[in-house]
Each structure stands twice: as structure tokens, then as C-alpha cells.
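K.L.:
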Amino acid sequence: MRLTMAQAIVKFLDKQYIKYDGEVSKFVDGIFTIFGHGMAVGLGQALDQDDHNLNVYQGRNEQGMCHVATAFSKQHNRRKIIACSSSVGPGSANMVTAAATATVNNIPLLLFPSDTFASRQPDPVLQQVQQAYDLTITTNDAFKPVSKYWDRINRPEQLMSALINAMRVLTDPAETGACVISMPQDVEGEAYDYPDYFFEKRIHKINRIVPVKDDVDEIAELINEASYPIAIIGGGVKYSEAGELIDKFLNKYEIPFGETQSGKSAIKSSSKMCLGGIGVTGTYASNIIAKKADLVIAIGSRMTDFTTSSKRLFQNKNCKFVSINVNRFDAYKMDAHQLVADAKLAIEEIDKVLESKNYKTAYTSEIKDAKAKWDKEVERLKNYTYGKNFETLIKPQDPRTVKEYIEKTNGTITQTSAIIALNEFIKDNGIVITAGGSLPSDLQRLWVTDKKDAYHAEYGYSCMGYEVAAALGVKMADEDADVYAVVGDASFQMLNSELSTIIQEGKKVTIVVFDNSGFGCINNLQMNHAVGSLATEFRKRNGQKPDGELLTTDYTKVGEAYGFKGYTCKTLDEFKKALEDAKSVKEPVIIDLKVIPKTMIDGYESWWNVGVAEVGKNKEQEEVYKEIIKGRNEARKY
Numbered sequence: 001m002r003l004t005m006a007q008a009i010v011k012f013l014d015k016q017y018i019k020y021d022g023e024v025s026k027f028v029d030g031i032f033t034i035f036g037h038g039m040a041v042g043l044g045q046a047l048d049q050d051d052h053n054l055n056v057y058q059g060r061n062e063q064g065m066c067h068v069a070t071a072f073s074k075q076h077n078r079r080k081i082i083a084c085s086s087s088v089g090p091g092s093a094n095m096v097t098a099a100a101t102a103t104v105n106n107i108p109l110l111l112f113p114s115d116t117f118a119s120r121q122p123d124p125v126l127q128q129v130q131q132a133y134d135l136t137i138t139t140n141d142a143f144k145p146v147s148k149y150w151d152r153i154n155r156p157e158q159l160m161s162a163l164i165n166a167m168r169v170l171t172d173p174a175e176t177g178a179c180v181i182s183m184p185q186d187v188e189g190e191a192y193d194y195p196d197y198f199f200e201k202r203i204h205k206i207n208r209i210v211p212v213k214d215d216v217d218e219i220a221e222l223i224n225e226a227s228y229p230i231a232i233i234g235g236g237v238k239y240s241e242a243g244e245l246i247d248k249f250l251n252k253y254e255i256p257f258g259e260t261q262s263g264k265s266a267i268k269s270s271s272k273m274c275l276g277g278i279g280v281t282g283t284y285a286s287n288i289i290a291k292k293a294d295l296v297i298a299i300g301s302r303m304t305d306f307t308t309s310s311k312r313l314f315q316n317k318n319c320k321f322v323s324i325n326v327n328r329f330d331a332y333k334m335d336a337h338q339l340v341a342d343a344k345l346a347i348e349e350i351d352k353v354l355e356s357k358n359y360k361t362a363y364t365s366e367i368k369d370a371k372a373k374w375d376k377e378v379e380r381l382k383n384y385t386y387g388k389n390f391e392t393l394i395k396p397q398d399p400r401t402v403k404e405y406i407e408k409t410n411g412t413i414t415q416t417s418a419i420i421a422l423n424e425f426i427k428d429n430g431i432v433i434t435a436g437g438s439l440p441s442d443l444q445r446l447w448v449t450d451k452k453d454a455y456h457a458e459y460g461y462s463c464m465g466y467e468v469a470a471a472l473g474v475k476m477a478d479e480d481a482d483v484y485a486v487v488g489d490a491s492f493q494m495l496n497s498e499l500s501t502i503i504q505e506g507k508k509v510t511i512v513v514f515d516n517s518g519f520g521c522i523n524n525l526q527m528n529h530a531v532g533s534l535a536t537e538f539r540k541r542n543g544q545k546p547d548g549e550l551l552t553t554d555y556t557k558v559g560e561a562y563g564f565k566g567y568t569c570k571t572l573d574e575f576k577k578a579l580e581d582a583k584s585v586k587e588p589v590i591i592d593l594k595v596i597p598k599t600m601i602d603g604y605e606s607w608w609n610v611g612v613a614e615v616g617k618n619k620e621q622e623e624v625y626k627e628i629i630k631g632r633n634e635a636r637k638y
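Dropping the structure here:
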């Protein structure tokens, strides 16, 4: 078939399918694009004039549209994708952050950034980066560190091996992430006689990795020897669709579990063994049990610093680690005993061994007591409201900002009470989305749901700006779900361009903006480590620093300008009424919550290793440094 390279891309993508647990489904839903220099008349011509069944989506910001695609794939448990394509130069560069976000989270994302001329005849072309020491370098080389597969098509026939390799990675549970195929704009339009068999229907099998018996026996024996084990439920449990089976397993042997951001909602929150989030953003229940644990069973977790409290959480000197993961690299973390296998198949085999040994943990009332103490704390946070004795609940350094914010906005909502109110309203009917900042911290601790995959967090890369775009991606993946994006005002300001795409696609989603006039999470990090409040609150300039009058924004008007139904809420009652009223609204909704700064939660029995100044101008800073050194000395070294 004589086709241009771009036409071959379209024809190939339209014929890709996957098979998982015996079910075959179409893998590529469509292509998201912002047409520009380098692909508007190349790939654009192919999408416009060729016969295909791919949906074409129009983005507003290249990073944003890639976040839509990432969220779409994640909500489909990585079994469906939307490819993304951009123009040369800044369009391509805008996708780099999104590529990193997908790669860190092991979410398949296929990117086709346009590139300069392979012939170099017109160099330097518009938007071309030129390096005198290496003329092969373009903007697209920036994708190499953040991709799982990278290629550049300098001849049209190279496309065939490139696309097949991209599919290899995109459909590999252990290695998936961003796959980047750069398209030089002259090659994009060049024709080649492609063999017809290249465009035949391909079914890529996503197979469950079968556990090795020796490894199963080793892991089962370690569990059998443990008196106080704790399990960590990671994203691998969700993608394996093993939640229900693992829940039964853990309850059968009375093994409590904590959840990572990615693993949350893989198992019902109502499970007797569920302790909630674990680590730096974990609950008291999870972290206090983890401190005593003599065995940690990580299932599908990358064991990041937030999950392990920078490797200091597990205080039992005799604690051992087990890791069940499809990725061998991740399975080796924490010097764990590894079982490289699918989570569902691994637990099925371990269960057979433990059952023959009549295993039970030694827990008596510890799990129940820890959960009861946390439930009491949640009730306090639910009722943590502005009013009598409010000032006694905030730290001494906070009143200036708190007082000024309330005076300027009349907002009296606390962050924790708003999260709990939203959770109670959604119950098990909706999906909540969150990303970087203090909101994922509070949500991981406070959010409860028995709806499978109803908690959608991007915290592997902690990418602020993910939330609005992700709301669209999740809604596209699950049309029947009520979708709520919970986003801080700083994150909303970073990237809200896909509000327009949401209107264009006609999707009913609800964006809840928690407005506290700044980067509240990082402001806390500064002030809790003896640094002043510097450029983390939204303030007008005052001399050398932005330390003047507090700035406030009307986010309702921003949403309304795009066509959203807007609500501004200054009290918790107003928020509850807005949620109820918005149920009957047909168009997408934006709710501007005026949330009092400093009303997020502190850590519970957790610690985070951050780089702090060894020397400073005050004693407080010296004390902070000593505490950090103490924590580092108490943490595992690798």
C-alpha cells in the first residue's frame, strides 16, 4: 500500500487490539492534537482524508491534553489509550512534563511530537533548537529521560519497527509508560510501499505473570513466621483487578493493610482490615500498626518515600519485607524478598500454602483500637470549623494569613470539613480526582469509598495541573460516573485550559477549587522547617519579596467564562447546598470554595526526609536540622 508515513500511522493505530483475561477490545480510541507547524498538513491530512475509526480530539494545551489521555488510560486500567500529537518546538516541549507523569505512574501514553526536517535542507526551521556541537539534537531529545520508549523516524519504512516496539511497551504491565515517536515533518509526508500485512488486525496479549513455586513457598513461609504483618496495597492491585480476592485473603488471615495513593479504592474502605492511607500522608491507624510490624507485604507498590515515610516508618528492628510486583526493579526495593508475578495469581498461590499451615496473625485488639482512635480523629476533623476557640487550633505563625483571608473573602470553610462533606455527598456514586499539593494528603487519609476505582490520584509525579484535564479523561473513560476534580487554587492556576475542551466535548464534570490564596502545602513545609513564608502565599510585592497584601481570585467567573455553571461557597452549608443543586445542572460545574488557609492536616506518626539548612541564623533552624539528622539515622539506609 503506497501511503505517507502519517497515513500509515493512522491506519496502523486503527487496527490495534488487546486481549486480557480472554476479552478482546480496541486499544486506541483516538488521537488528541493541537495542530500546528510540523503536523497540521501531514498527520492532519491523514486524519482528515483517510477512512478510519479513530476519534479526533482537540486540546487546548499540549500538557493538558496528554493528562486527559493519561487519566483516560488509567481509568481504563491501562487497557485503552488516546494517542497525542503536537507541533514542532514548544508544542512538543509542552508534552515532556506529561510524559514524565505517565512514565512515573506506569500509565501507557503514546506521543507523536513533530520534529524538524530529516533532510536539514531548510534548517533552521521555525521553532527549531540548534546545537552547534550536534545537529541531530532537537527539542524532542528532551523526552529521552522521561520515556519508556523513544524513536525518531528519519525514513518512512522505519515507522514499522518503531510502532511495533511502541506497542510492545505500551501493553507491558511491567514496563509501560510514555512512548515517543518523533515525526520529522518532511518524512511525515513521504510515501512508501508499506506491506499490507503491516495493517492487519493485531491483538496484543496482556498476560498475567505466573508466580514461580519456589518464590511462593519462600514468601508464604515468611508470612507464616510473622506475628504482626502489615500489607501495603499499591496500584498493581488495581491494575490486576485483584482487590476483591486480596481483601478476602487479608481478612481470612487477619492481616491489616494500608493503601498507597494509587492503590486506594482497589479494596473497599469498609474492609475490616483496611487502615486507610499509609506513610507521610497516612492515617494514625496505618502508621501506628506499621511501626510495630515484623513483616511488610508490599503488593503492587513502588515503595516511594511517601509510602515508607522515607524508610523510617517501620521501627521494628526485626522487620522483614516482601514485595509482590510484575516489575522486578520495583520488587527489589527495600531489599525485599521478591515475588515477580501478577498480584492476583501470586495471592492465590500463597493462600493455598498458608491455608495448609492454619496461619493466623497474633493481633488481638491492636487493629480495632487503632481504627477506633482514627475514627475519633476523623470526627474531630469533620467538626473542625471556624468559630469559638478556632485560633487555638492553628499554629502561632498562622494567624496573620488566616485573619487576612477571612477579612478579604468572608470564607470560613476548613479544608478537612469540606473534604468529608464532599465524601459524604458522593458516597459510592462518584469518582474523585486529585493531584499534587495538600489535597492528596488529606484525601488519602480521609476519603472512604466502596466503589471500585473511585479514587483517582496522580501522586507518583505529584504533577500540579493534572486535575482539570484528568476530570475530562476520567469522564470519557466512564460516561456513567459522577466525576469530581478536587483541585487547589495554585494547581488550578497552573493548568486549567482544558475547561474549554470539557465544554467542547459536552461532558458533565464538577471542578471543586479549594481556594486558600497560595501553595498551602509548601508554605507549611517552609514554616515547619524554620523558613519564613516566602513566595508560597499569593501576595502583592512589598520591597524584595511578594509579602504585601493577600491576593484573592474569583474562580467562579473563570469557569463561567468558559460555559460552566458556577457557585461560590463561603460556608460549609453553602457548599453542601451547591453540591445538591449541581446534581440537576446539565452543563459542567465549577465550585469556588473559600477555604481558610492552614486548615489541612499534619502527619500522624510519620516523617519525611527533606533537605534542610545545616547552618542558619536562628536556633530553631538548628533544632530542625538535628531532628532531620535523627530521622535519617533511624531510617533504613537503602
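Going by UniProt numbering, the sequence shown opens with residue 1, and the numbers climb by one from there. The beta carbon of each residue, even a glycine, is placed where N, CA and C say it ideally should be.
(1) Provide the residue span of the beta strand (DSSP E) that contains A457, from first to last.
(2) Alpha carbon to alpha carbon, how far is E188 from R152?
(3) Apply the 10 Å Cβ neighbour rule to T138 and answer buried if 16 or more other Cβ atoms are within range, or exposed otherwise.
(4) Assign M1 to one of two classes, buried (16 or more other C-beta atoms within 10 Å of its C-beta) or exposed (fewer than that).
(5) Please classify F329: is it buried, with 16 or more other beta-carbons within 10 angstroms of its beta-carbon, or exposed?
(6) As a quick exercise: from K594, Q49, V10 and W374, pick the residue whose alpha carbon is nearest that of T283.
(7) Under 7 Å between C-beta atoms, does I288 make it to chain D?
(8) Would you tell me roughly how many angstroms separate the C-alpha atoms of R202 and F27, rounded to the nearest one?
(9) Cutting at 6 Å between CB atoms, please list the residues of its own chain near L163, excluding the five before and the five after it.
(10) Enumerate in chain order the residues of its own chain whose CB-to-CB distance from H37 is below 7 Å, with the five nearest sequence positions on each side excluded.
(11) Among residues of its own chain, excluding the 5 on either side of R208, which ones have a beta-carbon nearer than 6 Å to its beta-carbon?
(12) Given a cut-off of 7 Å, decide if S417 and K382 are closer than it, judged by their beta-carbon atoms.
(13) Count the other C-beta atoms from every protein chain shown that fall within 10 angstroms of the C-beta of R312, then say buried if there are 16 or more, exposed otherwise.
(14) Just checking, does the segment 519-527 make contact with the segment 434-453 on the three C-beta pairs under 8 Å criterion?
(15) What residue range does the beta strand (DSSP E) around G258 cover?
(16) For V589, which residues does DSSP report across the bridge?
(17) Quick check: the Cα distance between A266 and T501, rounded to an integer number of angstroms?
(18) Tell me, to the nearest whole angstrom, how far the beta carbon of I31 is from that of S85; I am working on the premise that it is less than 8 Å.
(19) Going along the chain, which residues of its own chain have a beta-carbon closer than 6 Å to the beta-carbon of N423, five neighbours each way excluded?
(20) Are the beta-carbon atoms belonging to S270 and D482 less than 7 Å from one another?
(21) Exposed or buried, Q130, counting other C-beta atoms within 10 Å across all chains shown (16 or more means buried)?
(22) Going by Cα to Cα distance, which pick from N53, L54, R79 and A83 is closest to H67?
(23) Of the choices A578, K586 and V474, whose alpha-carbon is the least far from that of N77?
(24) Kindly indicate the opening and closing residues of the beta strand (DSSP E) around G276.
(25) Starting from A191, trace the beta strand (DSSP E) both ways and give me its first and last residue.
(26) Ignoring anything shorter than 3 residues, give me the beta strand (DSSP E) runs that lie fully in the segment 412-493, in order along the chain.
(27) Would you kindly report the start and end of the unbroken beta strand (DSSP E) that includes F390?
(28) Do C179 and L110 have their C-beta atoms within less than 7 Å of each other?
(29) Taking the alpha carbon of A535 as the point to measure from, which residue in H529, G548 and N528 has its own alpha carbon closest?
(30) Given a cut-off of 7 Å on the beta-carbon distance, is the pair S606 and S309 in contact?
(31) What are the partner residues of Q58, as DSSP defines its beta bridges?
(32) For V322, list the residues DSSP reports as bridge partners.
(33) How long is the line joining the alpha carbons of L159 and I9, rounded to whole angstroms?
(34) What's the call for Q58, buried or exposed, on a 16-neighbour Cβ count within 10 Å?
(35) DSSP three-state label for P8, please.
(36) Starting from E23, trace the beta strand (DSSP E) both ways and give me its first and last residue.
P.N.:
The short version:
(1) Where A457 is concerned, the enclosing beta strand (DSSP E) starts and stops at Y455 to A457.
(2) CA-to-CA, the gap between E188 and R152 works out to about 11 Å.
(3) T138 is classed as buried because its beta carbon has at least 16 other beta carbons within 10 Å across all chains shown.
(4) For M1, the number of other beta carbons within 10 angstroms of its own is below 16, and it is reported as exposed.
(5) In summary, F329 is exposed, with fewer than 16 beta-carbon neighbours lying within 10 Å of its beta-carbon over all protein chains present.
(6) Comparing Cα-Cα distances from T283 to each of K594, Q49, V10 and W374, the minimum goes to W374.
(7) Included in the structure is just one protein chain, with no chain D present.
(8) When only Cα atoms are considered, R202 and F27 end up about 10 Å apart.
(9) Take L163, set aside five residues on each side of it, and the residues of its chain with a beta-carbon closer than 6 Å to its own are F12, in chain order.
(10) Cβ neighbours of H37 within its own chain (closer than 7 Å, five residues either side excluded): S87, V88, L126 and Q127.
(11) Residues D342 and L345 of the same chain have their beta carbon placed closer than 6 Å to that of R208, with the five preceding and five following residues left out of the count.
(12) For K382 and S417, yes; Cβs fall inside 7 Å.
(13) Under the 10 Å beta carbon count, R312 is surrounded by 16 or more other beta carbons and is classified as buried.
(14) Yes: the two stretches touch, three or more of their Cβ pairs being nearer than 8 Å.
(15) From DSSP, the beta strand (DSSP E) with G258 extends over F257 to E259.
(16) Looking at the DSSP assignment, V589 forms a beta bridge with T510 and K565.
(17) A266 and T501: Cα-Cα distance of roughly 29 Å.
(18) Contact holds; Cβ gap of about 6 Å.
(19) If the five residues before and after N423 are omitted, its C-beta is found closer than 6 Å to the C-beta atoms of W447, all from its own chain and listed in chain order.
(20) Cβ atoms of S270 and D482: not closer than 7 Å.
(21) The residue in question, Q130, is exposed, as its Cβ has fewer than 16 Cβ neighbours within 10 Å.
(22) In terms of CA proximity to H67, A83 leads the group N53, L54, R79 and A83.
(23) Nearest C-alpha to N77 among A578, K586 and V474: V474.
(24) First-last of the beta strand (DSSP E) with G276: C274 to G277.
(25) Looking at the DSSP string, the run of the beta strand (DSSP E) that includes A191 is A191 to D193.
(26) Assignment of beta strand (DSSP E) within the segment 412-493, counting only whole runs of 3 or more residues, yields 430-434, 455-457 and 482-488 in chain order.
(27) For F390, there is no enclosing beta strand (DSSP E), since its DSSP letter is neither H nor E.
(28) Contact flag set, yes.
(29) By alpha-carbon distance to A535, the top candidate from H529, G548 and N528 is G548.
(30) Yes, they are a contact pair.
(31) Paired residue(s): T33.
(32) In the DSSP output, where bridge partners are listed per residue, V322 has I297 and H337.
(33) Approximately 8 Å, taken between the alpha carbons.
(34) The residue is exposed, with fewer than 16 neighbouring Cβ atoms inside 10 Å.
(35) First, the residue type needs correcting, since residue 8 is Ala and not Pro in the sequence shown. Reduced to three states, the DSSP call for A8 is helix.
(36) Residue range E23 to K26 is occupied by the beta strand (DSSP E) that includes E23.
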